[in-house]
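If you're matching positions, the sequence shown starts at 160 in my numbering and goes up one per residue. All C-beta atoms in this analysis are idealised placements derived from N, C-alpha and C, irrespective of residue type, glycine included. Computed from a predicted model, the values in this text were never measured in an experiment. Let me begin by presenting the structure, written as structure tokens, before commenting on it.
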Amino acid sequence: MTKCDGCHDRVAQGQKPICVESCPLRALDFAPIEELRKQHGSLAAVAPFPPAHFTRPNMVIKPNANSRPTGDTTGYLANPQEV
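Written out as structure tokens, the structure reads:
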């Protein structure tokens, strides 16, 4: 096993990384960041990552419809017996 190299050879040939092409749920995408932001929005601040204005991540996160923004404290623990 080796570390991920971002599929450098595939990307150089104009292909997407193998993880993107093989993801069964199509949860991953790969393209220039501006193209991804146009397609999926510009949300990059997600807990528990540091605030996006500090790290300036080159990623876009499309949240679940039930998700809450970073810092929201209105949630509750639905399964305390399992925790």
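Contacting residues, own chain, Cβ-Cβ under 7 Å from residue i (five flanking each side not counted)
i    : result
F213 : none
M218 : A203
R196 : V219
Which of helix, strand or coil DSSP assigns to residue i
i    : result
S181 : helix
I192 : helix
F213 : helix
Cβ neighbours of residue i in the same chain (closer than 8 Å, five flanking residues each side left out)
i    : result
V170 : P176, F189
Distance between residue j and residue i (C-alpha atoms, nearest Å)
i    : j    : result
K221 : G200 : 7 Å
T233 : A211 : 22 Å
Integer-rounded CB distance, given that residue j should sit under 8 Å from residue i
i    : j    : result
C178 : L187 : 6 Å
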